[in-house]
Amino acid sequence: MNTWRSTIVKSVVFVLVAAAVYIGYELIPPPVVQPSTHISEAPAVTGTSTPAQSAEIPAELFLPRPFAASDFVALPLKTPGEACGALLGAVENTPGYHANIVEESESRCLADVTIDDLPADYFVVVDASGEGVVKLVRIKLNVTDPAAADAAFDELAQVLEIVGRCAGFDPHPDILSVIRGTRQFEYDRGGATYRLRREFNSDNRYNLFVRWPVPDFARDPRRLVAR
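Okay, structure coming up:
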């Protein structure tokens with residue numbers, strides 16, 4: 006019996022001592038961590054690469070200059086037939102240029118444009134919108150000598166400038182630079198589209214497609230009076 010009681014007393018004492026030690030440990034305040042005086046520096050970045058960004062061409066390069074009612078005289082809206090006539094006159098006044106009108110009507114103008122000493126030809130298509138004024142210009146470029154490709158694209162920009170002005174819109178000078186320096190691109194915004202693509206399975210034929218919005222006042226039949 007005494008042994009049993011002694012065992013119980015020892016167990017109780019052990020539990021009480023263990024509890025006291027635990028409580029005392031919990032009451033000890035944590036040590037105060039002093040801020041370190043050592044400054045850790047990240048390794049210097051030695052690379053110069055920047056995140057890849059897609060080339061963004063300003064929209065204003067792809068739109069005709071803003072139309073207003075006062076532009077009727079300064080920049081008259083043309084029918085394809087009128088554009089054909091203007092194109093012939095403009096080509097005649099451009100040294101080395103020659104044009105042959107294939108089809109001429111109020112809804113479409115088709116013309117071949119060639120340039121002296123340049124192994125390339127340009128087939129021009131001018132189409133009308135539902136309002137009867139020019140809305141679409143396509144120029145098919147055929148480079149018969151790959152060595153002349155750079156010169157052919159320089160002249161493609163010139164042909165677009167001539168055709169555009171004859172059709173009633175004035176291409177921004179910077180879009181002409183884009184055409185000279187970029188063999189393929191596509192841009193759409195606000196109803197205006199410029200697209201230059203190489204024809205499928207061809208290394209020497211390209212299509213330049215230009216479409217722009219027809220202003221609302223072009224639907225006014227009185228527009229013809231202002232020309």
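In my numbering, the protein residues as written are 6 to 232. Note that CB positions come from ideal geometry on N, CA and C, so glycine has one too. Note that the structure is predicted; figures quoted are calculated from it, not measured.
What is the rounded straight-line gap between the Cα of SER92 and the Cα of ASN206? Counting from 1 along the sequence shown, the entry for residue 92 is found at position 87. Counting from 1 along the sequence shown, the entry for residue 206 is found at position 201. As written in the sequence, residue 92 is Leu, which differs from the Ser given in the question. Straight-line Cα distance between these residues: approximately 31 Å.
Whole angstroms is fine: what's the gap from ARG266's alpha carbon to GLN189's? With the chain covering only 6 through 232, there is no way to say anything about residue 266.
Take GLY86 and list the residues in its own chain whose beta-carbon comes closer than 7 Å to its own, dropping the five residues that flank it on each side. For the purposes of this step, residue 86 is identified with residue 81 of the sequence shown, where counting begins at 1. Within the same chain, GLY86 has close Cβ partners GLU109, SER110, GLU111, CYS114.
Every unbroken beta strand (DSSP E) within the segment 130-178, with a cutoff of 3 residues, ordered by chain: Qualifying beta strand (DSSP E) stretches, in chain order: 139-148.
Using only the alpha-carbon positions, how far apart do VAL215 and CYS171 sit? Your numbering for residue 215 matches position 210 in the sequence shown. Your numbering for residue 171 matches position 166 in the sequence shown. The alpha-carbon atoms of VAL215 and CYS171 are separated by roughly 14 Å.
How many Å lie between VAL248 and GLU160 at the Cα? Within the shown structure, residues of the chain are numbered from 6 to 232, placing residue 248 beyond reach of any answer.
Use the C-beta contact count for GLY173: other C-beta atoms within 10 angstroms, 16 or more gives buried, fewer gives exposed. Taking the first residue of the sequence shown as position 1, residue 173 is located at position 168. It is buried - the Cβ of GLY173 has at least 16 other Cβ atoms within 10 Å.
Can the beta-carbon of ALA116 be found less than 8 Å from the beta-carbon of ILE106? To locate residue 116, count along the sequence shown from 1; it is residue 111. To locate residue 106, count along the sequence shown from 1; it is residue 101. Cβ atoms of ALA116 and ILE106: closer than 8 Å.
Where LEU123 sits in the DSSP three-state scheme: Counting from 1 along the sequence shown, the entry for residue 123 is found at position 118. Here LEU123 carries a coil assignment [DSSP, helix/strand/coil].
Can you find the residues in the same chain that come closer than 7 Å, C-beta to C-beta, to ILE120, ignoring five residues on each side of it along the sequence? Within the sequence shown, the letter at position 115 stands for residue 120. Answer for ILE120: GLY101, TYR102, GLU160, listed in chain order.
Does DSSP put ARG185 in a helix, a strand or coil? As a position in the sequence shown, residue 185 is number 180, starting the count at 1. The answer is helix: DSSP assigns ARG185 an H, G or I state.
Given a threshold of 16 other Cβ atoms within 10 Å of its Cβ, counted over all protein chains shown, does GLY169 qualify as buried or as exposed? Locating residue 169 in the sequence shown gives position 164, where the first residue counts as 1. Under a 10 Å Cβ-count criterion, GLY169 is classified as buried, with 16 or more other Cβ atoms of the shown protein chains found around its own Cβ.
I need the boundaries of the beta strand (DSSP E) containing GLU108, first residue and last residue. Taking the sequence shown and counting its residues from 1, the one referred to as residue 108 is at position 103. Note, GLU108: beta strand (DSSP E), 102-109.
Run through the DSSP bridge pairs and tell me what GLU191 is partnered with. Working through the sequence shown from its first residue, we reach residue 191 at position 186. Note: GLU191 sits in a beta bridge opposite ARG200.
What's the call for THR149, buried or exposed, on a 16-neighbour Cβ count within 10 Å? Numbered from 1 along the sequence shown, position 144 holds the residue referred to as residue 149. Counting every other CB atom within 10 Å of its CB across the protein chains shown gives THR149 a total below 16, marking it as exposed.
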